[in-house]
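J.:
Residue numbers (the working numbering): 42 to 539.
Right, dumping it as structure tokens:
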């Protein structure tokens, strides 16, 4: 009869088969799904090979839902994506086990599947790599003009794809809102300086300074009035986007023309254009992520950092209804982004670390409101992860308590306080991690050799039990050398190869 299975058991998302010759193999469900022998999958692979593209099921992030024997020669496998037509013969299972032993198990995994698997703590062929790049880095490393990158969805989408492909990143982050395709109707003229910087002069007298290496700075013709807390009506608060045309104002409205849309019609039709462009263009091969600002971040921007922090102490009962309103808006936006097809939504909560508030204040003013945002987004089927800069080593458990799927940045000393091994031990079974490479002392100031060595150290710790995306801790600064960034994927590939 040859070698037969003596025991089958599911161990988490993996399948273990003990064979009669004494060998024991732990099977990766991603490998089984991409090697499914049914006629449909065989035809799909043939079409993909002819087109020079990965098959749709290649590296698909799945688990095994059930198995049933067929006679004494095969098993029928049902996967978590509903696919159940594959009949795996014992001969094929033995062959796949040998592939895994030889280290060939999942090398055709595409970037999107790789990141999705890492976020789900499932096996990956190698640790995925994805960094958030500063706007200035896109400007310095592409030929896209500052005004085009900031004010057009087409310009920003092109920059995201160009550098994701250049650095071989597995995903990209859409962290600017979609833009009005007819925005030039508001413009009087655009002046371009010798250094490539631009000045946009609007017909209403507003001016936008567009450096060649930094974010745009918007100067309204009438200076913005920052409200006091007693002047803020929570019913007039929903979601404030500082990057949109016209910048921040209270009450907030999108664009340069004042309006008061109801919440059910709050988002302009163009607001999701960049996401739509990218999901259509690269959504099957790269992991597309979007961003929302946390309720606490919006509170800080509404009042200014110093006044907002004082209000936490002096006016906590007035602060909380404002945070509740912002939570509803951020949750609405994140849920809508998920429905547009992003794989994950990043909650940008930069001011929730130890440099601004204590763990007790985090539990009171951040945790319950971010938890609502997380809940609403996850209900749409997308992953959620949280970006908090700097000193977060004392609040990792609080962050995980929001229900978030992952934690971003994880700044190491001296920028922050996170030891990756300690973090993995404390909450690594609850959340995935993205980050931990020092963006200043390593990526900006280091040599390619130093970046490579540092990346290998992070991989040795972070890759245990999956759940890790190799990345800069905070965003990659404008003048980081491209050759330094190129070391990240090289390190991930070399580490996977052993």
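The beta carbon of each residue, even a glycine, is placed where N, CA and C say it ideally should be. Remember, it's a predicted structure, so these values are computed and weren't measured experimentally.
In terms of residue numbering, what span does the alpha helix (DSSP H) encompassing residue 194 cover?
T.: As a position in the chain shown, residue 194 is number 153, starting the count at 1. Note, residue 194: alpha helix (DSSP H), 194-207.
J.: Should the stretch 152-169 be called in touch with the stretch 327-340, which here means at least 3 C-beta pairs below 8 Å?
T.: Output reads yes: the stretch 327-340 touches the stretch 152-169.
J.: To the nearest angstrom, how far is the alpha carbon of residue 516 from that of residue 172?
T.: Position 475 of the chain shown, counted from the start, is the residue given in the question as residue 516. Position 131 of the chain shown, counted from the start, is the residue given in the question as residue 172. Those two C-alpha atoms are separated by around 7 Å.
J.: In angstroms with no decimal places, state the Cα-to-Cα distance between residue 145 and residue 165.
T.: Locating residue 145 in the chain shown gives position 104, counting from the first residue. Locating residue 165 in the chain shown gives position 124, counting from the first residue. Residue placement at residue 145 is flagged as unreliable, the pLDDT there being 44, under the threshold of 50; the coordinate-derived value follows with that caveat. Each residue's Cα considered, the two are about 12 Å apart.
J.: Helix, strand or coil: which one does DSSP assign to residue 251?
T.: Position 210 of the chain shown, counted from the first residue, corresponds to residue 251. Strand.
J.: Would you tell me roughly how many angstroms separate the C-alpha atoms of residue 209 and residue 428, rounded to the nearest one?
T.: Mapped onto the chain shown, residue 209 falls at position 168. Mapped onto the chain shown, residue 428 falls at position 387. If you take the alpha carbons of residue 209 and residue 428, they lie about 22 Å apart.
J.: Taking just the CA atoms, how far does residue 170 sit from residue 510?
T.: One-based indexing of the chain shown puts residue 510 at position 469. One-based indexing of the chain shown puts residue 170 at position 129. Their Cα atoms are separated by approximately 6 Å.
J.: Going by beta carbon distance, what residues of the same chain come within less than 8 Å of residue 480, once the five residues before and after it are set aside?
T.: In the chain shown, the residue the question calls residue 480 occupies position 439. The answer, listed in chain order, is 456, 513, 514, 515, 516, 517, 518 and 521.
J.: For residue 529, does the count of other Cβ atoms within 10 angstroms reach 16, so buried, or fall short, so exposed?
T.: Along the chain shown, read from residue 1 onward, the residue named residue 529 stands at position 488. With 16 or more other Cβ atoms within 10 Å, it is buried.
J.: Using the DSSP secondary-structure output, state which residues sit across from residue 108 in a beta bridge.
T.: On the chain shown, residue 108 is found 67 positions in, with the first residue counted as 1. Residue 108 pairs with 118.
J.: Do residue 247 and residue 234 count as a contact pair if the criterion is CB distance below 9 Å?
T.: Here residue 234 is taken as the residue at index 193 of the chain shown, counted from 1. Here residue 247 is taken as the residue at index 206 of the chain shown, counted from 1. Cβ atoms of residue 234 and residue 247: not closer than 9 Å.
J.: For residue 181, which of helix, strand or coil comes out of DSSP?
T.: Here residue 181 is taken as the residue at index 140 of the chain shown, counted from 1. Residue 181: helix per DSSP, three-state reduction.
J.: According to DSSP, is residue 239 part of a helix, a strand, or is it coil?
T.: Position 198 of the chain shown, counted from the start, is the residue given in the question as residue 239. Here residue 239 sits in strand by DSSP.
J.: Going by Cα to Cα distance, which pick from 168, 120, 78 and 157 is closest to residue 132?
T.: Residue numbering aside, residue 132 sits at position 91 when the chain shown is read from its first letter. When only C-alpha atoms are compared, the closest one is 78.
J.: What span of residues does the beta strand (DSSP E) with residue 540 cover, start to end?
T.: Any question about residue 540 goes unanswered here, given that the chain covers just 42 to 539.
J.: If you drop the 5 nearest sequence neighbours on each side, which residues of the same chain put their C-beta closer than 7 Å to that of residue 290?
T.: Taking the chain shown and counting its residues from 1, the one referred to as residue 290 is at position 249. Contacts found: 265.
J.: Per DSSP, which one or two residues make a beta bridge with residue 387?
T.: As a first step, residue 387 is located in the chain shown; it is residue number 346 there, counting from the start. Residue 387 is bridged to 332 and 426.
J.: Given a cut-off of 9 Å on the beta-carbon distance, is the pair residue 446 and residue 406 in contact?
T.: Stepping through the chain shown from its first residue, residue 446 is reached at position 405. Stepping through the chain shown from its first residue, residue 406 is reached at position 365. In this structure, residue 406 does not lie closer than 9 Å to residue 446 by Cβ.
J.: Using the three-state DSSP reduction, which class does residue 536 fall into: helix, strand or coil?
T.: Stepping through the chain shown from its first residue, residue 536 is reached at position 495. The answer is helix: DSSP assigns residue 536 an H, G or I state.
J.: Which residues does DSSP pair with residue 261 in a beta bridge?
T.: Taking the chain shown and counting its residues from 1, the one referred to as residue 261 is at position 220. DSSP lists no partner for residue 261.
J.: Does DSSP put residue 543 in a helix, a strand or coil?
T.: The shown model of the chain, from 42 to 539, leaves out residue 543, and the question about it has no answer.
J.: Buried or exposed, going by whether 16 or more other CB atoms sit within 10 Å of the CB of residue 113?
T.: Walking along the chain shown from the start, residue 113 turns up at place 72. By the neighbour-count rule (16 or more Cβ atoms within 10 Å), residue 113 is not buried but exposed.
J.: How many angstroms separate the CA atom of residue 499 from the CA atom of residue 228?
T.: Position 458 of the chain shown holds residue 499. Position 187 of the chain shown holds residue 228. Approximately 47 Å between the Cα atoms of the pair.
J.: Are the CB atoms of residue 218 and residue 312 within a distance shorter than 9 Å?
T.: Taking the chain shown and counting its residues from 1, the one referred to as residue 312 is at position 271. Taking the chain shown and counting its residues from 1, the one referred to as residue 218 is at position 177. Yes.
J.: Mind checking whether residue 502 and residue 536 have CB atoms under 9 Å apart?
T.: Within the chain shown, the letter at position 461 stands for residue 502. Within the chain shown, the letter at position 495 stands for residue 536. Cβ atoms of residue 502 and residue 536: not closer than 9 Å.
J.: On a CA-only basis, which of 157, 204, 167 and 158 is nearest residue 180? Give me that one, please.
T.: As a position in the chain shown, residue 180 is number 139, starting the count at 1. It is 204.
J.: Of all the alpha helix (DSSP H) runs that stay within the bounds of the stretch 473-529, which reach a length of 4 or more residues?
T.: Segments of the alpha helix (DSSP H) lying fully in the stretch 473-529: 489-503.
J.: Going by the DSSP bridge assignment, what does residue 46 pair with across the sheet?
T.: Here residue 46 refers to the residue found at position 5 of the chain shown. Per DSSP, 60.
J.: Measuring CB to CB, does residue 375 end up less than 9 Å from residue 333?
T.: One-based indexing of the chain shown puts residue 375 at position 334. One-based indexing of the chain shown puts residue 333 at position 292. Taking 9 Å as the Cβ cut-off, residue 375 and residue 333 qualify as a contacting pair.
J.: So, helix, strand or coil for residue 156, using DSSP?
T.: Indexing the chain shown from 1 puts residue 156 at position 115. Residue 156 falls in the helix class under three-state DSSP.
J.: Are the CB atoms of residue 395 and residue 436 within a distance shorter than 9 Å?
T.: As a working mapping, residue 436 is identified with position 395 in the chain shown. As a working mapping, residue 395 is identified with position 354 in the chain shown. For residue 436 and residue 395, yes; Cβs fall inside 9 Å.
J.: In chain order, which continuous runs of the alpha helix (DSSP H) of length 4 or greater are located wholly inside the stretch 392-422?
T.: Listed in chain order, the complete alpha helix (DSSP H) runs (minimum 4 residues) inside the stretch 392-422 are 400-406 and 408-419.
J.: By Cβ distance below 6 Å, which residues in the same chain neighbour residue 184 in space, the five residues on each side in sequence not counted?
T.: The count along the chain shown starts at 1 and reaches residue 184 at position 143. None.
J.: Restricting to Cα atoms, I'd like to know which of 50, 120 and 49 is closest to residue 73.
T.: In the chain shown, residue 73 corresponds to position 32, counting from 1. That would be 120, whose Cα lies nearest to the Cα of residue 73.
J.: Please classify residue 415 as buried or exposed, where buried requires at least 16 other C-beta atoms within 10 Å of its C-beta.
T.: Here residue 415 corresponds to residue number 374 of the chain shown, with the count starting at 1. With 16 or more Cβ atoms within 10 Å of its Cβ, residue 415 is classed as buried.
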